[in-house]
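What follows is a single structure, written as structure tokens, with notes after it.
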Amino acid sequence: MARIVGYIATSLDGFIATPNDTLEWLTKYQPDDFGYQEFISTIRTVVMGRGTYDYVDRELADWPYADKRSIVVTSRPVDAPKGEIEIWTQSIDALVAKLRALDDGNVWMIGGGKLQMAFMERGALDEIEIYVMPEIIGGGIPLFPPTGFRTTPKLISAEAKSEGVVQLRYRFT
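Taking the numbering used here as reference, the numbering of the sequence shown is continuous, increasing by one, and the terminal residue is 1615.
Here you go:
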């Protein structure tokens, strides 16, 4: 059974992107400094919402997940996708069942908090690794959208990294 995990960065004031959906505050940091290569080596499947897909499509020349099974959750068609992707239009519950049936590596919930929140609400996000960046960006897209959902995840670890970054790892199940 696949483990479903999150790996995400947030500003100190709790945002994952600016109001106009940019990451310039984050891209000055080097992901290799924060265990990205080790993390991505455990991942076989990436799942993202449409907003994250559109960002990757717009900002990166090549599809960065060519060696991964890639699923984009959206209700709109994707014209000329950059990489080999599966469009998911069914329910989140059906997606959770499909992902749990995989046995060839972990599943990464990439990007936006909406999809991660939908998985948390269903008890389907096993762990999340959050990098708190020493940046205050004053507003934007929140790490987790306010839905009224409450939980108390278990802290696995907290570690100070270079450049004032803090890594937090939590377990949900």
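Positions of the beta carbon are idealized from the N, C-alpha and C atoms, including for glycine.
Per-residue burial, residue i [other beta carbons within 10 Å of its own, 16 or more giving buried]
i     : result
D1568 : buried
K1510 : buried
S1533 : exposed
E1571 : buried
S1453 : buried
I1598 : exposed
S1604 : exposed
Q1472 : exposed
M1443 : exposed
S1512 : buried
L1502 : exposed
I1527 : buried
G1554 : buried
A1625 : For residue 1625 there is no data in the structure shown, the boundaries of the chain being 1443 and 1615.
A1395 : Outside the displayed span of the chain (1443 to 1615) sits residue 1395, for which this structure offers no information.
I1552 : buried
I1578 : exposed
Residue i (DSSP reduced to helix, strand or coil)
i     : result
I1511 : Reading off the sequence shown, one finds Arg at residue 1511, where the question assumed Ile. It is a strand residue.
E1605 : helix
T1487 : strand
F1586 : coil
V1574 : strand
K1556 : helix
R1542 : helix
R1564 : coil
R1492 : helix
A1522 : coil
G1458 : Inspection of the sequence shows that residue 1458 is occupied by Ile rather than by Gly. Three-state DSSP puts I1458 in a strand.
I1446 : strand
R1500 : helix
D1535 : helix
CA nearest to the CA of residue i, picked from the options
i     : options                       : result
M1575 : A1536, A1602 and I1482        : A1602
P1523 : A1539, A1543, S1483 and D1504 : D1504
D1521 : T1460, D1496 and N1548        : D1496
Y1507 : V1515, G1525, V1514 and G1491 : G1525
D1455 : G1580, T1494 and F1476        : G1580
Identity of the residues DSSP links to residue i by a beta bridge
i     : result
A1677 : Any property of residue 1677 remains undetermined from this structure, which presents the chain solely from 1443 to 1615.
W1530 : V1515
A1600 : L1610
W1550 : V1447 and V1488
Any non-hydrogen atom of the ligand MN closer than 8 Å to residue i Cβ
i     : result
D1463 : Looking at this structure, you won't find the ligand MN or any other ligand, since it has none at all.
Within-9 Å CB hit, residue i to chain B
i     : result
P1519 : Included in the structure is just one protein chain, with no chain B present.
Legend entry - Sufficient close CB pairs (3 or more, under 8 Å) joining the segment 1454-1472 to the segment 1587-1594: No: fewer than three Cβ pairs fall under 8 Å.
Inset, instruction - Pair every Cβ in the segment 1475-1485 with every Cβ in the segment 1575-1584, then say whether three or more of these pairs are closer than 8 Å. - result: Verdict: no, contact absent.
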